């Protein structure tokens, strides 16, 4: 697994812990846009949806 993939998994795990893209970005010293892009790329790479929006919060799908 490439280091970049590990970074994407770290982002996903952090999002599961904190619940919002903004809080994830702050925790990982990233922009919310970068977090969203990395999560989208991971979802596309794996071929499954990883997130469900619930208002401002985000919930991980069972696939995550």
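Residue numbers (the working numbering): 3 to 66.
Quick reminder that beta carbons are idealized off the backbone N, C-alpha and C, glycines included.
Remember, it's a predicted structure, so these values are computed and weren't measured experimentally.
Per the DSSP calculation, residue i is bridged to which residue(s)?
i	result
residue 60	55
Where does residue i land, buried or exposed, given buried means 16+ other C-beta within 10 angstroms?
i	result
residue 8	exposed
residue 50	exposed
residue 46	exposed
residue 14	buried
Where does residue i fall in DSSP's three states?
i	result
residue 16	helix
residue 22	coil
residue 65	coil
Check this for me: beta carbons of residue i and residue j, under 8 Å apart or not?
i	j	result
residue 52	residue 41	yes
residue 60	residue 37	no
residue 34	residue 43	no
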